[in-house]
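Each protein sequence line maps, in turn, to chains A and B.
Going left to right, the first sequence walks through residues 1 to 55 as the working numbering numbers them.
Going left to right, the second sequence walks through residues 1 to 197 as the working numbering numbers them.
Each residue gets a CB set at the ideal place from its N, CA and C atoms; glycine is no exception.
Have a look at the structure below, then the notes.
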Amino acid sequence: MSQAKLEPKDEEDTTVRIRERYQYGTDVKINDTTYKKLVELAKEVLEKTRYIIEK
Amino acid sequence: MKDITNNEMMFVLKVFKSPEIQHNANSLAKLIGISRMGALKIAGKLEKDRIISHKTIGKTKFYRLNMENDYARQYVKFLLKREAEQVNPYVRIWIEDIRSIKNADAAVLFGSVLTKHKEARDVDLILIADNKRIRKLEREIGAIEGIATKRIHAVYMAKGDLEDNIKKGNEAMTDAIKGIVVFGEDIIIKAIMELHK
Chain A
1 MSQAKLEPKD EEDTTVRIRE RYQYGTDVKI NDTTYKKLVE LAKEVLEKTR
51 YIIEK
Chain B
1 MKDITNNEMM FVLKVFKSPE IQHNANSLAK LIGISRMGAL KIAGKLEKDR
51 IISHKTIGKT KFYRLNMEND YARQYVKFLL KREAEQVNPY VRIWIEDIRS
101 IKNADAAVLF GSVLTKHKEA RDVDLILIAD NKRIRKLERE IGAIEGIATK
151 RIHAVYMAKG DLEDNIKKGN EAMTDAIKGI VVFGEDIIIK AIMELHK
């Protein structure tokens, strides 16, 4: 499971940080397969767009 | 300067990229898809401009490029650039990406991407660079692949290796040089011109 966080990984959580994250921030979790599919889809969209421009 | 027709361009590039073959009007007509008379007419015009010359064996004229003539070399260089500009739009996307490479002296795109375009499985590429820059070059290739739908199958080689392989008649190399020269035309011309002498 890939996990994207707003804070860098090496920063330890503090009470204040946790409170702020829950109050104002978001954590994003995404399944690996879904993530890969989305990346491939983005690549395809980019390629098709460039093809249309070149045509 | 008179316009260069597509058939003239193909005539010159076929002779240039296949130094291992002795070309006559018949063989060139078949390669280009024109009549023998058409090929003879083009040959006559190119001979008049001193871009090609011929030697006669029996009754047949075999054509070669006058690579010792600077005008012919510049003419070939121009045609290589023009060929790269006139490719299929899908191939052009790749050409643009490959042109962004800074750590190579020359690049030739070859293989199935030139014929199958989007349906090709990967993108074959010859990159001419010295050993010191290979790491940086690999990173550049990685960056291109990062936003592309296909993998690049790159063959890295030094200038000398390219010339040696062509001289030895390495079949894979003689096939690869029939591809599209993306940049570094002078290096490719220099490597191939030895075989036209």
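{"Item": "Contact under 8 Å by Cβ, Ala129(B) with Asp105(B)", "Value": "yes"}
{"Item": "Proximity test, Cβ basis, 8 Å: Leu46(A) and chain B", "Value": "yes"}
{"Item": "Met9(B) beta carbon near the ligand MG (any heavy atom closer than 7 Å)", "Value": "For the ligand MG, the structure offers nothing, since it holds no ligand at all."}
{"Item": "Any alpha helix (DSSP H) of 4 or more consecutive residues that is wholly inside the stretch 6 to 48 of chain A", "Value": "15 to 24"}
{"Item": "Straight-line Cα distance separating Ala143(B) from Pro89(B)", "Value": "21 Å"}
{"Item": "Buried or exposed by the 16-neighbour rule on C-beta atoms within 10 Å, applied to Ala154(B)", "Value": "buried"}
{"Item": "Per-residue burial, Thr165(B) [other beta carbons within 10 Å of its own, 16 or more giving buried]", "Value": "At residue 165(B) the sequence reads Asn, which differs from the Thr that was named. With 16 or more Cβ atoms within 10 Å of its Cβ, Asn165(B) is classed as buried."}
{"Item": "Cβ-based contacts, 8 Å cut-off: residues of the stretch 77 to 92 of chain B near chain A", "Value": "Pro89, Tyr90, Arg92"}
{"Item": "Pairwise C-alpha distance: Val181(B) and Ser112(B)", "Value": "15 Å"}
{"Item": "Boundaries (first-last residue) of the beta strand (DSSP E) holding Thr56(B)", "Value": "52 to 57"}
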